[in-house]
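Asker: Using my numbering, you'd call the opening residue of the sequence shown number 1475 and step up by one each time. Backbone N, C-alpha and C fix where the C-beta goes; we use that ideal spot for every residue, glycine too. On a predicted model such as this, the values are computed, not experimentally measured, just so you know.
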Amino acid sequence: MKKLAIFAAAALTLAALPLAACHKQQTDRSKYVITAAYDENERTLKGTADFTYFNSTDNEIRDLQFNLWGNAYREGAQYKPLTDADAKAYYAGASYGGESVEKVEGCASWEVTGEDENILNVTLNEPVYPDDTVKVTITYTLNLAQVNHRTGVTESTVNLGNFYPVLCAYSQEGFVQTPYYSCGDPFVSECADYDVTLTLPRQYTAATSGKQVECTTAGEVTTARYELKNARDFAAVLSDEFKTVKRESAGCEVTLYYCGEAEPKRQLDAACESLAYFSDTFGKYAYPTLSVVFTPLSVSGMEYPALTMINSALEESDAIYTIAHENAHQWWYAMVGSDQVNCAWQDEGLADYSTVCFFENYPAYGFTRTGALGSAIKAYRAYYSVYNQIFGKADTAMTRNLKDFASDYEYINIAYNKGILMCESVRTAMGDKKFFSALKSYFEANCFKIATPEELISHFTALHDVEGIFVSYIEGKVVI
Ligand SMILES: [Zn+2]
């Protein structure tokens, strides 16, 4: 995600590089076959998810747990998707949604549970053993609030982020349950395959994470089917106003979806050039398409695999920065996953530093590396000063749960600005060649997986003794 923060002109450089180790390439994955229909009068998405679970763990699994992210939008939710400060995102006044499960087939029993009715627990008929599969069918309704946010009916589109029950990520302690914190992106999930069929009023166009493989119109509705392989989420945005511009870049079809008159030419350039740059620098982009969607949002941008949401109200320059930032998340979030709940710096810091590197190599956009670093230092020092005054001592540790950030302001300075500064310190110590070699190695070793901070750091320390730099930043000891 990119918050609505001020980006001073900045930029960076990157070189490129090689290397890699690779864990075994997973050939068996879980699969979602989703069929869903949008009703614009009811503001609902009624869906069925046939979910085939592939047990890639070393344990027998008796229960499956799914995130019901859409339920955070219901009235009375304990964890709300937006803070009171973002209330204006509810452009029509207070509005609520929710995600209700009607039935689950292929199981012994099921219940909606979790800390905030955010988890669907499905008890299987019998345990599923490592390398085995089991299928359950979930019938659900997503009620959409009127809100300019990831999931909701916006002022001109329908944002369908996190629109289906998403299997929780698995750790040795079991499936990991995470409430919907308003701070950051509280989503952690594992890669799966998708076959998604959407039925829409015929005047609607869908931008999605997938590649369209079928489309038919009958009467008042259009039904289209999309495929996506090896991705940790699938998102869509609908609108009856969309226009598109598209171009191929790095072997991928890049499509910008926008409303209004002005064709986003420079934005398309930035989307294509950053995709190509990151592909060259970190490793090949894995998906056949990328949808860059201009849509009302409460933040600057939001990333999903093969689809990014860009706030349609941004000025051209901020939109270009955000497009590059969200594209960087295709590498640091979508392909290489991390624990965004406890280690947000690992994807936001890397994504924002990668953005700076892109602009360093494409100076015509007007951002400079010096400017980016200067504004990050200035913002971070201001945060440090303010929080010292408020709390006596600012907490500068980077690895912490999203719920432990006192504000979005603190989150931005720790995860983004301090993340940028840490990357710059590591790069300066190692030199460009080793730095970008380490990033390429990290990408190749962890593509389609969820990487720990230790895994990230190991790829740098293998080439240069920079562990002390990482530790001093992460633990909050470095003086900036
Ligand atoms: Zn981000």
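DSSP state of C1689, grouped into three classes?
Answerer: Start at 1 with the first residue of the sequence shown, and residue 1689 comes out as number 215. Three-state result, C1689: strand.
Asker: Should A1825 be counted as a contact of ligand 1 given a C-beta to heavy atom distance under 6 Å?
Answerer: Along the sequence shown, one-based indexing puts residue 1825 at 351. Under cutoff, so the answer is yes.
Asker: Taking 6 Å as the limit between beta carbons, can you name the residues of its chain near H1938, skipping five residues before and five after?
Answerer: As a position in the sequence shown, residue 1938 is number 464, starting the count at 1. M1904 and K1908.
Asker: In the DSSP assignment, what residue or residues form a beta bridge with W1806?
Answerer: Here residue 1806 refers to the residue found at position 332 of the sequence shown. V1810, per the DSSP bridge assignment.
Asker: Check this for me: beta carbons of P1779 and A1808, under 7 Å apart or not?
Answerer: Counting from 1 along the sequence shown, the entry for residue 1779 is found at position 305. Counting from 1 along the sequence shown, the entry for residue 1808 is found at position 334. In this structure, A1808 lies closer than 7 Å to P1779 by Cβ.
Asker: Could you compute how far the alpha carbon of A1563 sits from the alpha carbon of V1940?
Answerer: Here the question's residue 1563 lines up with position 89 in the sequence shown. Here the question's residue 1940 lines up with position 466 in the sequence shown. Distance between the alpha carbons of A1563 and V1940: 42 Å.
Asker: Measure the Cβ-Cβ separation of I1593 and Q1539 and say whether it is below 7 Å.
Answerer: In the sequence shown, counting from the first residue as 1, residue 1593 sits at position 119. In the sequence shown, counting from the first residue as 1, residue 1539 sits at position 65. Yes.
Asker: Verify whether the separation of the beta carbon atoms of T1625 and N1617 is less than 7 Å.
Answerer: The residue given as residue 1625 occupies position 151 in the sequence shown. The residue given as residue 1617 occupies position 143 in the sequence shown. No, the Cβ-Cβ distance between T1625 and N1617 is not below 7 Å.
Asker: Taking the runs of the alpha helix (DSSP H) that are 4 residues or longer, which of them lie wholly in the segment 1803 to 1863?
Answerer: Complete alpha helix (DSSP H) runs here, min 4: 1818 to 1835.
Asker: Could you tell me the distance, in whole angstroms, from the CA atom of W1584 to the CA atom of V1596?
Answerer: Counting from 1 along the sequence shown, the entry for residue 1584 is found at position 110. Counting from 1 along the sequence shown, the entry for residue 1596 is found at position 122. Whole-angstrom Cα-Cα distance: 4 Å.
Asker: Is A1546 helix, strand or coil by DSSP?
Answerer: As a position in the sequence shown, residue 1546 is number 72, starting the count at 1. DSSP places A1546 in helix when its eight states are reduced to three.
Asker: Indicate the three-state DSSP secondary structure (helix, strand or coil) for L1488 in the structure shown.
Answerer: Along the sequence shown, one-based indexing puts residue 1488 at 14. Caution is warranted here: a pLDDT of 31 is assigned to L1488, below 50, making its placement in the model unreliable, and the coordinate value is therefore given only provisionally. Coil at L1488, not helix or strand.
Asker: Could you compute how far the alpha carbon of I1784 sits from the alpha carbon of S1748?
Answerer: For the purposes of this step, residue 1784 is identified with residue 310 of the sequence shown, where counting begins at 1. For the purposes of this step, residue 1748 is identified with residue 274 of the sequence shown, where counting begins at 1. About 15 Å.
Asker: With respect to 6 Å, is the separation between the Cβ of E1928 and the closest non-hydrogen atom of ligand 1 below this value?
Answerer: By one-based count along the sequence shown, residue 1928 stands at place 454. False, no ligand heavy atom lies under 6 Å from that Cβ.
Asker: Considering Cα atoms alone, identify which of V1602, S1504 and E1591 is closest to N1533.
Answerer: As a first step, residue 1533 is located in the sequence shown; it is residue number 59 there, counting from the start. Closest option to N1533, Cα to Cα, is V1602.
Asker: How many Å lie between S1881 and H1623 at the Cα?
Answerer: Within the sequence shown, numbered from 1, the residue matching residue 1881 stands at position 407. Within the sequence shown, numbered from 1, the residue matching residue 1623 stands at position 149. Distance between the alpha carbons of S1881 and H1623: 18 Å.
Asker: I think V1810 touches V1662, with their Cβ atoms under 8 Å apart; what is that distance to the nearest whole Å?
Answerer: Sequence index remark: in the sequence shown, residue 1810 carries index 336 (1-based). Sequence index remark: in the sequence shown, residue 1662 carries index 188 (1-based). Contact doesn't hold; Cβ gap of about 13 Å is too wide.
Asker: From the DSSP secondary-structure annotation, give me the bridge partner or partners of D1707.
Answerer: As a first step, residue 1707 must be located in the sequence shown, where it is residue number 233. For D1707, which the question treats as bridged, DSSP gives no partner whatsoever.
Asker: The alpha helix (DSSP H) that contains R1901, what's its start and end?
Answerer: Mapped onto the sequence shown, residue 1901 falls at position 427. Unbroken alpha helix (DSSP H) run through R1901: K1892 to M1904.
Asker: Can you tell me whether M1776 sits near ligand 1, meaning its C-beta is under 6 Å from at least one heavy atom of the ligand?
Answerer: In the sequence shown, residue 1776 corresponds to position 302, counting from 1. False, no ligand heavy atom lies under 6 Å from that Cβ.
Asker: In the DSSP assignment, find the unbroken beta strand (DSSP E) run with S1574 in it and report its ends.
Answerer: In the sequence shown, the residue the question calls residue 1574 occupies position 100. Its beta strand (DSSP E) spans residues G1572 to E1579.
Asker: Assuming A1619 contacts S1569 under a Cβ cut-off of 8 Å, what Cβ separation, rounded to an integer in Å, is found between them?
Answerer: As a first step, residue 1619 is located in the sequence shown; it is residue number 145 there, counting from the start. As a first step, residue 1569 is located in the sequence shown; it is residue number 95 there, counting from the start. About 4 Å separates the two Cβ atoms, so the contact holds.
Asker: Tell me whether K1476, by its Cβ, gets closer than 6 Å to a heavy atom of ligand 1.
Answerer: In the sequence shown, counting from the first residue as 1, residue 1476 sits at position 2. Under cutoff, so the answer is yes.
Asker: If I measure Cβ to Cβ from H1933 and keep anything under 6 Å in the same chain, skipping five residues before and after, which residues do I get?
Answerer: The residue labelled residue 1933 in the question sits at position 459 within the sequence shown. Once the five neighbours on either side are set aside, the close Cβ partners of H1933 are A1912, S1915 and Y1916.
Asker: Who are the Cβ neighbours of S1946 in its own chain at under 7 Å, not counting the five residues just before and after it?
Answerer: Here residue 1946 is taken as the residue at index 472 of the sequence shown, counted from 1. Excluding residues within five positions, the ones whose Cβ falls inside 7 Å are V1952.
Asker: Which same chain residues end up closer than 7 Å to G1693 when comparing Cβ atoms and leaving out the 5 residues on each side of it in sequence?
Answerer: The residue you call residue 1693 lines up with position 219 of the sequence shown. Once the five neighbours on either side are set aside, G1693 has no close Cβ partner at all.
Asker: How long is the line joining the alpha carbons of E1629 and P1762, rounded to whole angstroms?
Answerer: In the sequence shown, counting from the first residue as 1, residue 1629 sits at position 155. In the sequence shown, counting from the first residue as 1, residue 1762 sits at position 288. Taking the straight line joining both Cα atoms gives about 30 Å.
Asker: Looking at ligand 1, does it come within less than 6 Å of E1884, judged from the CB to the closest heavy atom?
Answerer: Looking up residue 1884 in the sequence shown gives position 410. E1884 Cβ: outside cutoff for every heavy atom of ligand 1.
Asker: Is E1822 close to ligand 1? I mean its beta-carbon at under 6 Å from any heavy atom of the ligand.
Answerer: Working through the sequence shown from its first residue, we reach residue 1822 at position 348. Yes, the Cβ of E1822 comes within 6 Å of a heavy atom of ligand 1.
Asker: In this structure, does DSSP put A1880 in helix, strand or coil?
Answerer: Reading the sequence shown from its first residue, position 406 is the one you call residue 1880. Coil, per DSSP.
Asker: So for G1942, helix, strand or coil by DSSP?
Answerer: The sequence position of residue 1942 within the sequence shown is 468, counting from 1. Reduced to three states, the DSSP call for G1942 is helix.
Asker: Could you tell me if K1476 is buried or exposed, where buried requires 16 or more neighbouring beta carbons within 10 angstroms of its beta carbon?
Answerer: Taking the first residue of the sequence shown as 1, we reach residue 1476 at position 2. So K1476 ends up on the buried side.
Asker: Nearest-angstrom Cα distance between L1702 and V1507?
Answerer: Along the sequence shown, one-based indexing puts residue 1702 at 228. Along the sequence shown, one-based indexing puts residue 1507 at 33. Computed Cα separation, rounded: 11 Å.
Asker: Considering only the beta carbon of each residue, do R1699 and E1688 sit closer than 7 Å?
Answerer: Here residue 1699 corresponds to residue number 225 of the sequence shown, with the count starting at 1. Here residue 1688 corresponds to residue number 214 of the sequence shown, with the count starting at 1. Contact flag set, yes.
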